[in-house]
Amino acid sequence: MSIPKKYRPIAIVVLVIVFSIILLFLSTKMPSDTGYPRRFILDVVAPIERLIRIPLDETITVWNRYLFLVGLGEENRRLKRENDHLKNQLLLHQEGYLEGLRLQKLLTMKDQSDYVSMTARVIGMDQKSLIKTILINKGTTHGIRNGLPVVNEQGVLGRIIETSWHVSRVLLISDGNSNIDALVQGTRVQGMLQGSGAMRCMLKYIAKTEEVKAGDLVVSSGMTEIFPKGLLLGTVIRADKKDSGLFQRIEVAPAVDFTRLEEVMVLMVTEKKKK
Numbered sequence: 003m004s005i006p007k008k009y010r011p012i013a014i015v016v017l018v019i020v021f022s023i024i025l026l027f028l029s030t031k032m033p034s035d036t037g038y039p040r041r042f043i044l045d046v047v048a049p050i051e052r053l054i055r056i057p058l059d060e061t062i063t064v065w066n067r068y069l070f071l072v073g074l075g076e077e078n079r080r081l082k083r084e085n086d087h088l089k090n091q092l093l094l095h096q097e098g099y100l101e102g103l104r105l106q107k108l109l110t111m112k113d114q115s116d117y118v119s120m121t122a123r124v125i126g127m128d129q130k131s132l133i134k135t136i137l138i139n140k141g142t143t144h145g146i147r148n149g150l151p152v153v154n155e156q157g158v159l160g161r162i163i164e165t166s167w168h169v170s171r172v173l174l175i176s177d178g179n180s181n182i183d184a185l186v187q188g189t190r191v192q193g194m195l196q197g198s199g200a201m202r203c204m205l206k207y208i209a210k211t212e213e214v215k216a217g218d219l220v221v222s223s224g225m226t227e228i229f230p231k232g233l234l235l236g237t238v239i240r241a242d243k244k245d246s247g248l249f250q251r252i253e254v255a256p257a258v259d260f261t262r263l264e265e266v267m268v269l270m271v272t273e274k275k276k277k
């Protein structure tokens, strides 16, 4: 049976390799003192063996490199997974540390307050609608009721306007429905702090004869039972006497950053601490 032309080179190579292997096998079976026949076989086999050994060695080298790269890739993937895990753990520790700092500030404020208070976590926020409110994770089962003031370490956030068993809604002081009796800390002049619907408040009913300037602190006056006296409400950023009418136009920036609310404190204003 004839071999197709395109397979003949391959067949020749295979025959040469087989022949070389046979010769090599015979050479190993011959005694070392066989002489010329053994040397003849070795001389014939050696070049063929080199021709076979070189590509074989190259193939083995390439294969070993491939296995090394596969192992290296797997090691890199393992290290990346470990690195991602450590990053997540570090992030959790950092978050826990920062939360601890915030709670420590609230506890310090709680210790300094004359009233019984309760810490709560902000679980919802609605500042894009007409009514600016947040939700906290404490409700009637915790003793929360409508009208109680809500603060954090920066100052006053607002007051409770709606409660359920485990959740309460807080009306922020920046809402247009919020009105708080207030006074300018330096001059003691009194007015009404009203939300403007944006991230600002207006201090109303301050006569043009009174001295109020940018940078003055505005605090609760304590004239009602809702907000105790002296709670920080905000800072005057503009006082304009040029408007028509009897009163100045005074713009106040709330003390609290409403975009970064996480933990808050509800003041139980009817429950004073026992001294």
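Going by the numbering used here, the first residue of the sequence shown is number 3, and it counts up by one from there.
Even for Gly, the Cβ is constructed at its ideal location relative to N, Cα and C.
{"Query": "For Asn181, list the residues DSSP reports as bridge partners.", "Result": "Gln196"}
{"Query": "Excluding the 5 residues preceding and the 5 following Gly178 in the sequence, name in chain order all residues of the same chain whose CB lies nearer than 6 Å to its CB.", "Result": "Gly197, Gly199"}
{"Query": "Just how far apart, CA to CA, sit Ser246 and Leu195?", "Result": "20 Å"}
{"Query": "With DSSP as the reference, identify every bridge partner of Arg147, one or two as the case may be.", "Result": "None; Arg147 has no bridge partner."}
{"Query": "Indicate whether Leu263 and Ile136 have their beta-carbon atoms separated by less than 8 Å.", "Result": "yes"}
{"Query": "Taking the alpha carbon of Ile228 as the reference point, which residue from Glu265, Ile163, Asn78, Glu213 has its own alpha carbon closest?", "Result": "Ile163"}
{"Query": "Taking just the CA atoms, how far does Ala241 sit from Val153?", "Result": "26 Å"}
{"Query": "Whose C-beta lies closer than 8 Å to the C-beta of Ala257 among residues of the same chain, with five residues either side of it excluded?", "Result": "Gln156, Gly157, Val158, Leu234, Leu235, Gly236, Thr237"}
{"Query": "Below 8 Å CB to CB, which residues in the same chain sit around Lys210 once its five sequence neighbours on both sides are set aside?", "Result": "Lys243, Leu248, Phe249, Gln250"}
{"Query": "In the region 194 to 238, which residue ranges form an unbroken beta strand (DSSP E) of at least 3 residues, counting only runs that do not cross its ends?", "Result": "203 to 206, 219 to 222"}
{"Query": "Can you name, in chain order, every residue of its own chain whose Cβ lies under 6 Å from the Cβ of Gly188, other than the five neighbours on each side?", "Result": "Asp218"}
{"Query": "Tell me whether Leu263 sits in a helix, a strand or coil according to DSSP, three-state version.", "Result": "coil"}
{"Query": "In whole angstroms, what separates the C-alpha of Asp128 from that of Met120?", "Result": "22 Å"}
{"Query": "With a threshold of 7 Å on Cβ separation, who are the neighbours of Thr226 within its own chain once the five nearest residues in sequence on each side are excluded?", "Result": "Asp183"}
{"Query": "Which one of Val72, Gly160, Gln192, Ala216 has the shortest CA to CA distance from Ile208?", "Result": "Gln192"}
{"Query": "The beta strand (DSSP E) with Ile252 in it runs from where to where?", "Result": "251 to 256"}
{"Query": "What residues in its chain sit with their C-beta under 6 Å from that of Val169, if we drop five residues either side in the sequence?", "Result": "Leu137, Gly141"}
{"Query": "State the Cα-Cα distance for the pair Ile146 and Ala122, rounded to the nearest angstrom.", "Result": "11 Å"}
{"Query": "Please determine, among Glu77, Gly149, Val254, the residue with the shortest C-alpha to C-alpha distance to Leu173.", "Result": "Gly149"}
{"Query": "Report all residues from its chain with a CB closer than 6 Å to the CB of Ile239; omit the five preceding and five following residues, and keep chain order.", "Result": "Ala216, Glu253, Ala255"}
{"Query": "Please work out which residues of its chain come closer than 6 Å, Cβ to Cβ, to Lys277, disregarding the five sequence neighbours upstream and downstream, and give them in chain order.", "Result": "Note that Lys277 scores a pLDDT of 48, beneath 50, so its modelled location is shaky and nothing firm can be said."}
{"Query": "Can you give me the C-alpha to C-alpha distance between Arg202 and Ile175, rounded to a whole angstrom?", "Result": "9 Å"}
{"Query": "Reducing DSSP to helix, strand and coil, say where Thr165 ends up.", "Result": "strand"}
{"Query": "Output the distance between the C-alpha atoms of Phe260 and Gly126, rounded to the nearest integer angstrom.", "Result": "12 Å"}
{"Query": "Whole angstroms are fine: how far does the CA of Leu185 sit from the CA of Val220?", "Result": "6 Å"}
{"Query": "I need the straight-line Cα distance from Glu213 to Ser180, nearest angstrom please.", "Result": "25 Å"}
{"Query": "Closest to Thr143 by CA distance: which of Gly160, Val124, Thr165, Ile133 is it?", "Result": "Thr165"}
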